[in-house]
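I have placed the structure first, in the form of structure tokens, so that the comments after it can refer back to it.
Given below as structure tokens:
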């Protein structure tokens, strides 16, 4: 199926169909091509038009993409929650180890334990930040696909 960018519909009531009626109109994708072919007195090729069936197929494909992206987003959200819980659990373990060994260990080993705890928490925070970025990009893709579906529905109504 060829890619196309849907155009917003005209707000003229004579072009809008009544509720429940389907129109079998073909949609022009490039107006300049139509004028050139009229000047040359050639027939307009079928590739410059889109049937309602093609628009419905594109709508179904876009809905499938949205479902896949929402599943990926939900997986990433659960991963972030798990990584945050793991980070909190590891921080608590580090604090417990530091508390139990603080009295019997020299100050140098205590400092290394504190540094290890800080590096662990920084690494976990970086992972969480990356996952949040991926979720944001997936949500942006979902929004663009939803907008494409709205435009295809508007074009179907014309």
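Numbering (this note's numbering), first residue to last: 1 to 158. For each residue, glycine too, the CB sits at the ideal point set by N, CA and C. Model, not experiment: these values are computed from the prediction.
Residue i (DSSP reduced to helix, strand or coil)
i           : result
residue 61  : helix
residue 51  : coil
residue 148 : helix
Contacts around residue i, its chain only, beta-carbon distance under 6 Å, and the 5 residues preceding and following it disregarded
i          : result
residue 76 : 131, 134, 135
Residues near residue i in its chain [Cβ-Cβ closer than 7 Å; skip 5 each side]
i           : result
residue 39  : In this prediction, residue 39 scores a pLDDT of 49, lower than 50, which makes its location untrustworthy; the coordinate-derived value is nonetheless stated afterwards. Around residue 39: no qualifying Cβ.
residue 121 : 87, 91
residue 156 : 52, 55
residue 62  : 145, 148, 149
Cutoff 8 Å; reference residue i; Cβ partners in own chain excluding five residues on either side
i           : result
residue 116 : 94
Any chance the region 111-124 sits against the region 142-157, with 3 or more Cβ pairs inside 8 Å?
-> no
With a cut-off of 8 Å, do at least 3 Cβ pairs link the region 53-72 to the region 123-130?
-> no
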